[in-house]
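*Asks:* Number 296 in UniProt numbering belongs to position 296 of the sequence shown; there are no gaps in the numbering. Glycine residues also receive a C-beta, built at the ideal position from the N, C-alpha and C atoms. Please read through the structure below; I'll follow up with questions.
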Amino acid sequence: MERPEGPEHDWVADTGRAERPDPPGEPADEAGEPANGSAPAHAGSGMEPQPAASRRRRSGRRWRRPADYAAVAVLLVVSLAAGLVVWWFSDERHTTSRPTPVVAAVPEAPAAMPPTLAEVWRAPSAGTQQPVAVGPNVVTGDGGEVDGRDPFSGQVRWVYRRNLPLCTVAPGWGYAVAVYHKSRNCSEVTALDGATGRRGPQRNGDAEMGTRLLYDGVHMTATGRKLIETWRSDLVRTQEYGTVPAIVNPGKQPRTGCVYGSEAVTTGRVAVVERCPDDPGDRVTVLSPDAKESDSDQPNVLISSVIGGRGARVVAVTADRVAVAVPNPNRLIVLDTSSGAELLTQPLDLPNGDLTGDPAGGVVPTATGPGSIYWFTGSRTIALSATDLRPQWVLPNTLGAGTVFAGRLLLPVPEGLLVLDPGNGAKIGAIRVDRQGYRGPIELGFLGPVVLEQRGGTLVALR
């Protein structure tokens with residue numbers, strides 16, 4: 001039998017079969033020689049033969065032994081176990097979010113004041129200091145849960161819950177902004193879409209325990225005794241003022257060791273009463289929160305003036321003026337926000353207890369109306385001019401600052417609600433409300449035709 005010629009075939013004598021050779025340069029067996037014992041395929045081709053040891057290294061070994069499969073299985077089990085441990089202790093596992101797929105219509109406010117109002121529902125809401133109405137929903141907060149509710153029935157439309165204590169909830173930018181306590185402060189901030197309950201921006205902050213959130217239409221400020229933070233709509237911080245917990249760039253804060261008694265905001269302004277160890281009296285400071293993110297640790301101070309007295313509280317601030325109430329004797333001082341000059345000092349006929357200590361959460365109860373700011377002192381409501389902050393009229397024996405509803409000013413009183421002209425305070429009518437023995441302060445709000453009363457830790461809807 002003749003042997004075929006050509007590079008395409010090698011002859012295998014013991015089987016009588018022609019087989020295609022291994023590719024050039026690759027070994028045919030462990031010895032590194034062609035299977036039929038002939039010369040390597042690259043012989044005479046001009047290529048240098050590779051050493052047998054190198055060819056053995058290139059061949060490697062296949063991962064088909066039982067030990068290989070066992071090693072892979074162990075790695076998978078370890079990875080899954082590690083992932084399970086991370087998830088088990090994660091915030092996400094302890095968070096419940098049930099947004100609503102249906103967006104309700106925003107109810108229209110009435111054109112005229114209803115003749116009567118009666119309770120239609122109530123809900124625990126210790127996490128809100130005033131009624132929160134965002135979009136079509138009334139928002140309540142209690143324990144670790146925030147609920148968006150139908151204003152007419154109180155039925156829950158969406159839920160957001162965490163296994164953390166709720167510090168506060170406030171409206172802003174169409175969100176219900178919820179702040180939770182974790183570790184040492186109120187650090188967990190989540191914005192919830194008011195219409196659906198879906199999560200929006202989130203941040204970790206340094207807001208103190210007992211903080212209040214003040215929304216000025218553009219920014220939101222978290223109050224504090226030693227630190228004030230201001231955020232924009234994506235919850236990026238634009239300003240921090242006071243004792244910063246983790247200082248990155250020292251020397252940016254104008255003073256240290258001060259304690260803050262009260263704060264107030266308006267668009268582009270944050271006013272604060274400071275008590276600093278080296279000052280002979282309280283200090284009134286007005287800040288501008290319109291800073292870039294990179295400059296948030298450098299406060300933009302417009303004025304900072306020491307006044308003649310202690311125990312002051314910020315009542316209101318406008319673009320060009322700030323009003324503070326000072327005890328002993330009781331008086332209202334108005335300062336220019338560009339120069340710090342004193343523009344007005346007016347005596348106040350108030351019981352001594354009205355200006356004793358600092359207001360709860362560092363915020364004086366106020367409401368705004370057409371041309372006026374309504375200030376609840378603790379025993380009466382004083383209307384201030386929104387232009388120059390001068391007192392216009394006073395109504396004693398009230399329970400809150402009120403709200404403008406259906407073109408009238410509603411003021412809470414022990415018997416129910418007074419209906420007043422919002423400009424001059426003239427009495428138009430009264431609506432009796434049975435509060436079932438509650439006689440404490442009341443914050444008012446409304447959504448559509450439903451009037452909302454925050455009575456301590458309970459929200460009550462009236463219609």
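1) Is residue 374 helix, strand or coil when you go by DSSP?
2) Residue range of the beta strand (DSSP E) that residue 173 falls in?
3) For the pair the region 119–136 and the region 146–165, tell me if three or more CB-CB distances fall below 8 Å.
4) When we look at the beta-carbon of residue 137 and count the other beta-carbons within 10 Å, is it buried (16 or more) or exposed?
5) Go to residue 325, then tell me how far its beta strand (DSSP E) extends in each direction, as first and last residue.
6) At what residues does the beta strand (DSSP E) containing residue 208 begin and finish?
7) Give me the Cα-Cα distance between residue 305 and residue 259, rounded to the nearest whole angstrom.
8) Quick one: Cα of residue 342 to Cα of residue 257, how far?
9) Can you pull the DSSP bridge partners for residue 204?
10) Between 399, 104, 247 and 415, which lies nearest to residue 155 when the distance is taken from Cα to Cα?
11) Spatial neighbours of residue 143 within its chain, please: C-beta separation below 7 Å, excluding the five flanking residues on both sides.
12) Between which two residues does the beta strand (DSSP E) holding residue 300 run?
13) Which residue or residues does DSSP assign as beta-bridge partners of residue 405?
14) Quick one: Cα of residue 268 to Cα of residue 78, how far?
15) Exposed or buried, which one is residue 183 when buried takes at least 16 other CB atoms within 10 Å?
16) Which residue from 176, 172 and 164 puts its Cα closest to that of residue 158?
17) Below 7 Å CB to CB, which residues in the same chain sit around residue 351 once its five sequence neighbours on both sides are set aside?
18) With a threshold of 16 other CB atoms inside 10 Å of the CB of residue 370, please say whether the residue is buried or exposed.
19) Are the region 325–337 and the region 393–408 touching, with three or more C-beta to C-beta distances below 8 Å?
20) Quick one: is residue 287 buried, meaning 16 or more other Cβ sit within 10 Å of its Cβ, or exposed?
21) Express the C-alpha separation of residue 439 and residue 429 in angstroms, rounding to a whole number.
22) Where does residue 340 sit, in a helix, a strand or coil, going by DSSP?
23) To the nearest angstrom, how far is it from the Cα of residue 452 to the Cα of residue 75?
24) Between the Cα of residue 333 and those of 95, 307 and 356, spot the shortest distance and give me the residue it belongs to.
25) For a test of the three-state rule: what should DSSP assign to residue 453, helix, strand or coil?
26) Just to confirm the assignment, what range does the beta strand (DSSP E) spanning residue 367 have?
27) Do residue 360 and residue 129 have their C-beta atoms within less than 9 Å of each other?
*Replies:* From the atom records:
1) Numbered from its first residue, the sequence shown carries residue 374 at position 374. Note: residue 374 maps to strand in three-state DSSP.
2) As a first step, residue 173 is located in the sequence shown; it is residue number 173 there, counting from the start. Unbroken run through residue 173: none, as it is neither H nor E.
3) At 8 Å Cβ cutoff, the stretches touch.
4) Mapped onto the sequence shown, residue 137 falls at position 137. Answer is buried; the Cβ neighbour count reaches 16.
5) Within the sequence shown, residue 325 is the residue found at index 325, counting from 1. For residue 325, the enclosing beta strand (DSSP E) begins and ends at 321–326.
6) Stepping through the sequence shown from its first residue, residue 208 is reached at position 208. Following the DSSP letters along the chain, one finds residue 208 in no beta strand (DSSP E), marked with neither H nor E.
7) Residue 305 sits at position 305 when you count from the first residue of the sequence shown. Residue 259 sits at position 259 when you count from the first residue of the sequence shown. One C-alpha to the other measures close to 15 Å.
8) As a position in the sequence shown, residue 342 is number 342, starting the count at 1. As a position in the sequence shown, residue 257 is number 257, starting the count at 1. Approximately 26 Å between the Cα atoms of the pair.
9) Within the sequence shown, the letter at position 204 stands for residue 204. Answer by DSSP bridge pairing, in chain order: 188.
10) Numbered from 1 along the sequence shown, position 155 holds the residue referred to as residue 155. Per the Cα distances, 104.
11) Taking the sequence shown and counting its residues from 1, one reaches residue 143 at position 143. Within the same chain, residue 143 has close Cβ partners 166.
12) Stepping through the sequence shown from its first residue, residue 300 is reached at position 300. For residue 300, the enclosing beta strand (DSSP E) has its first and last residue at 300–306.
13) Counting from one through the sequence shown, the residue named residue 405 turns up at place 405. Answer by DSSP bridge pairing, in chain order: 408.
14) Your numbering for residue 268 matches position 268 in the sequence shown. Your numbering for residue 78 matches position 78 in the sequence shown. A straight line joining the alpha-carbon of residue 268 with that of residue 78 spans about 54 Å.
15) In the sequence shown, the residue the question calls residue 183 occupies position 183. A residue is called buried when at least 16 other Cβ atoms come within 10 angstroms of its Cβ; residue 183 does not meet this threshold and is exposed.
16) On the sequence shown, position 158 is the one that residue 158 refers to. 176 is the residue among 176, 172 and 164 whose C-alpha sits nearest the C-alpha of residue 158.
17) Translated into positions along the sequence shown, residue 351 becomes position 351. So the list reads 379, once near-sequence residues are dropped.
18) In the sequence shown, counting from the first residue as 1, residue 370 sits at position 370. Exposed, because fewer than 16 other Cβ atoms sit within 10 Å of the Cβ of residue 370.
19) Flag = no, the region 325–337 and the region 393–408 do not touch.
20) Position 287 of the sequence shown, counting from 1, holds the residue named residue 287. By the neighbour-count criterion, in which a residue is buried when 16 or more other Cβ atoms sit within 10 angstroms of its Cβ, residue 287 is buried.
21) Within the sequence shown, residue 429 is the residue found at index 429, counting from 1. Within the sequence shown, residue 439 is the residue found at index 439, counting from 1. Computed Cα separation, rounded: 21 Å.
22) In the sequence shown, counting from the first residue as 1, residue 340 sits at position 340. Looking at residue 340 - three-state DSSP - the assignment turns out to be coil, as it is neither helix nor strand.
23) Translated into the one-based positions of the sequence shown, residue 452 becomes position 452. Translated into the one-based positions of the sequence shown, residue 75 becomes position 75. Near 58 Å, if we compare the C-alpha coordinates of residue 75 and residue 452.
24) Counted from its first residue, the sequence shown places residue 333 at position 333. Residue 333 has its Cα closest to that of 307, out of 95, 307 and 356.
25) For the purposes of this step, residue 453 is identified with residue 453 of the sequence shown, where counting begins at 1. Residue 453 carries a strand assignment under DSSP once its states are collapsed to helix, strand and coil.
26) Here residue 367 is taken as the residue at index 367 of the sequence shown, counted from 1. Boundaries of the beta strand (DSSP E) harbouring residue 367: 366–369, taken from the DSSP string.
27) Within the sequence shown, residue 360 is the residue found at index 360, counting from 1. Within the sequence shown, residue 129 is the residue found at index 129, counting from 1. Yes.
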